[in-house]
Structure formats: C-alpha cells, structure tokens
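Numbering (our numbering), first residue to last: 1 to 195.
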C-alpha cells in the first residue's frame, strides 16, 4: 500500500476483561483462528483506503458527532453466513438506541464528505474467530454451550478511528483518534444500564 494511503475503520473498544473472556471462549472452537484479544472490537464503519491529506477533514467531521455515552450489552453467539458452513463466529449485541444513533450519525457525517453509505443493514457484533475449514461438531457444540451467552454491560465513553495495516502475521491496528461521547449524569447511567 502507498505511504500516502491509510486503510481506516471506526470502532468501539471493549474493556480488557471482556476481550479476555471472549478470546478464551473463541479458543474453544477447534480449527478456528481466534481474533487476537487486543483486536476484539465492534466495527461501526469500515471506511477503506483514504489519502492521508483527507484524514484531517475526516477527523474534524467526526468531532461534530454528539451522542450520549451508553452501556453496551453483549448477548448471544452466532455465525456468518447464517446458513451453510460458518466462516465467522461472533458475539451479538443487545439492540441499543444510542448505538444505532451513533452508527447513523457516523454514516450521515461521512456521507456529507462523499464516503459511500453501507448498503447492508447494520448488524452489530464482535468477531470472535474465523474458520478456514468447517468442523461441524466443534462449532455446533460451541454454539450450544454459549446459546444463552451474555456479558456484563460496558460503559462506552468514546468511539475511535483506527488504521489497519495488513502484514504476513495478520492485520495491525493503530489508534488514530478517539472521539468522546457526551457525559451522562449518574441517574442517566443507571437508567441506561436498566434498559
């Protein structure tokens, strides 16, 4: 890739304890390639290749997004594609208005800069592992074991812009910028947690 091009995406980070728990779960799937613990995140928008000179205006636009902080709840385990041999195993996200608002705001903000909107509906998830070969018994038993999976809610206080560099050892993600969400009162945080 040219030095004046960056491959970018926008994501939510997970607490280290949640990443560790998910990573250990993913390691249980025989024949799977678990996502490295520190790279487990929720992708809000894959932007793709961007010229470095355009990154400044991209960052400036993202600073205008004003969404309140919220609690993220992991709920359920599934796979892509939903039918046929699984290629990706993921942890699901309990629907959250604030998460959908944030995703919509990012799409609208980037749309004004000329970036294409995602055609597929937003399906928030955390990728746990990728499968090159399909071991039916291993994946089936994993899905059955964690069918009622849920994780403790995590307070999301910012969203982040990352660059991704592909190497022989895999993708290397580097933080480019963090964009804080609006602070909530303690009462609002409790209310969000209970939803």
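Even for Gly, the Cβ is constructed at its ideal location relative to N, Cα and C. Model, not experiment: these values are computed from the prediction.
Check                                                                                                                       : Outcome
Residue from 180, 154, 167 and 160 whose Cα sits closest to the Cα of residue 17                                            : 154
Simplified DSSP assignment, three categories, for residue 197                                                               : It is not possible to answer for residue 197, since the shown part of the chain is limited to 1 through 195.
Sequence-distant residues of its chain with Cβ nearer than 7 Å to residue 37 (five each side left out)                      : 19, 20 and 23
Cβ neighbours of residue 31 in the same chain (closer than 7 Å, five flanking residues each side left out)                  : 131, 133, 135 and 138
Residues of its chain near residue 51, where Cβ-Cβ distance is below 7 Å and the 5 sequence neighbours each way are ignored : 4 and 5
Nearest-angstrom Cβ-Cβ length linking residue 69 and residue 160, presumed shorter than 8 Å                                 : Actually they do not touch by this definition, with Cβ atoms about 14 Å apart.
Element boundaries [alpha helix (DSSP H), containing residue 112]                                                           : 97-112
Closest Cα partner of residue 57 within the set 71, 80, 115 and 91                                                          : 115
Runs of beta strand (DSSP E) lying entirely within the region 53-82, each at least 3 residues, in chain order               : 70-72 and 74-80
Classification of residue 127 by the beta-carbon crowding that lies within 10 angstroms, buried from 16 upward              : buried
Local conformation of residue 118 per DSSP, three classes                                                                   : coil
First and last residue of the uninterrupted beta strand (DSSP E) at residue 51                                              : 41-51
DSSP-derived helix/strand/coil call for residue 21                                                                          : helix
Spatial distance of residue 177 from residue 166 (CA atoms)                                                                 : 19 Å
Bounding residues of the beta strand (DSSP E) (the contiguous stretch that carries residue 164)                             : 158-167
Three-state secondary structure (DSSP) of residue 152                                                                       : coil
Beta-carbon gap between residue 92 and residue 72 smaller than 8 Å                                                          : no
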